[in-house]
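Read the structure below first, then the notes.
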Amino acid sequence: MTLAEALRKAAALGVARLDAQLLLLHVLQRPAGDRAWLISHDDDALAHEAGARFAELATRRAAGEPLAYLVGHKEFFGLPLQVDARVLVPRPDTETLVEWALEVLQGRNAPRVIDLGTGSGAIALAIQQARPDALVEAVDRSAAALEVARANGQRLGLAVRFRQADWLDGAGAGYDLVVSNPPYVAAGDPHLPELRHEPVAALVAGADGLDDIRRIAAAAPARLAPNGWLLLEHGWDQAVAVRGLLAAAGLADSLSRADLAGIQRCSGARRLELG
Ligand code: GLN
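Position 174 of the sequence shown, counted from 1, bears residue number 190 in the numbering used here, the numbering being contiguous throughout.
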């Protein structure tokens, strides 16, 4: 079988062309940037074993497994992260939250930051990379997710301190920033079947998708430094509800920001300066 034939087979299974190319490069142990090479080597033979491996990955992709799990990595905010089914795949939309977080931290020296439900470590590691002076902690309730996050931190040489915890349980106080991409999908959401390969505990948060955001909003004010910010990612239709929860928790200046698709994807508010 040639490379071109392998790609045609994947297309016949229903795999998008780009995904098929990336899977083939992965099987050939070539970098993802080598698509031009692939196109100019259409007639190269694919060894039997590599062909079998490619067919298996293409079949799994056609059945809905995220590409990131199949190739084992995903880029987030310029960082190459290793990911697998123990953690949610980092989304480009979440880069909006990181950008906002970095703005909030501007002008603060050695700021204290905590990322709740860190998963692969994406948010915490992106902040630490951009702000080497920050004291970044990251927690997750899932021990399996923390293994992935810790391995990413070590491989990237970033000094984030990872700890197993449920939201703010056992956290200190005086944070300049509490940031989280918590589960926010409603239990009956019609899109859940599409996300079936990802950890349900990272996605679903009660009947309206707001159970975890309610807990975080209620607990955060006591942990924030005066003028510290709580920034949260949430669902496409939750911005008004989340700003309401932030205000009800006693936080001020609540705002929302749009993601790359123009959807109000994160909201935040700050603890008022005392006096
Ligand atoms: N953004 C994800 C999705 O809807 C959900 C992530 C989350 O619940 N934090 O595909």
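In this text, a Cβ means the ideal position worked out from N, Cα and C, and glycines have one as well.
Here Leu39 has Ala26, Val31, Phe70, Leu73, Ala74, Arg77, Leu83, Leu86, Val87 as same chain residues with Cβ atoms under 8 Å from its own Cβ, once five neighbours each way along the sequence are excluded. Across the set Asp149, Ala161, Gly94, the C-alpha of Ala161 shows the shortest separation from the C-alpha of Leu104. When secondary structure is reduced to three states using DSSP, Arg107 falls in the coil class, being assigned neither helix nor strand. In this structure, Asn197 has its CB closer than 7 Å to one or more heavy atoms of the ligand GLN. Per DSSP, the unbroken beta strand (DSSP E) holding Gln98 starts and ends at 95 to 98.
Residue environment analysis places Val220 among the buried positions, since at least 16 neighbouring C-beta atoms fall within 10 angstroms of its C-beta. In the three-state reduction of the DSSP assignment, Pro242 falls in the strand class. In terms of side-chain proximity, the C-beta atom of Arg77 is found no nearer than 7 Å to any non-hydrogen atom of the ligand GLN.
DSSP, read as helix, strand or coil, puts Arg128 in strand. For the set Arg147, Asp58, Gly266, the Cα lying nearest the Cα of Arg128 is the one of Arg147. For His42, the uninterrupted alpha helix (DSSP H) run begins and ends at 33 to 43, by DSSP. Along the stretch 116 to 182, the alpha helix (DSSP H) occurs as fully enclosed runs of 4 or more residues at 138 to 146, 159 to 172, listed in sequence order.
Assigned with DSSP and collapsed to three states, Gly188 falls in coil, not helix or strand.
The C-beta separation of Ser283 from Leu271 comes to about 7 Å, placing the pair in contact by the 8 Å criterion.
Relative to the ligand GLN, Leu261 has its C-beta separated by 7 Å or more from all heavy atoms. When DSSP states are grouped into helix, strand and coil, Gly284 belongs to the strand group. Shown here, Ala63 sits in coil according to DSSP, grouped into three states, outside any helix or strand.
Cα atoms of Asp227 and Ala236: separation of roughly 14 Å, rounded to the nearest angstrom. Taking C-beta atoms as the reference points, Pro198 and Ala217 fail to come closer than 8 Å. Burial check for Gly80: the Cβ neighbour count within 10 Å stays below 16, so the residue is exposed.
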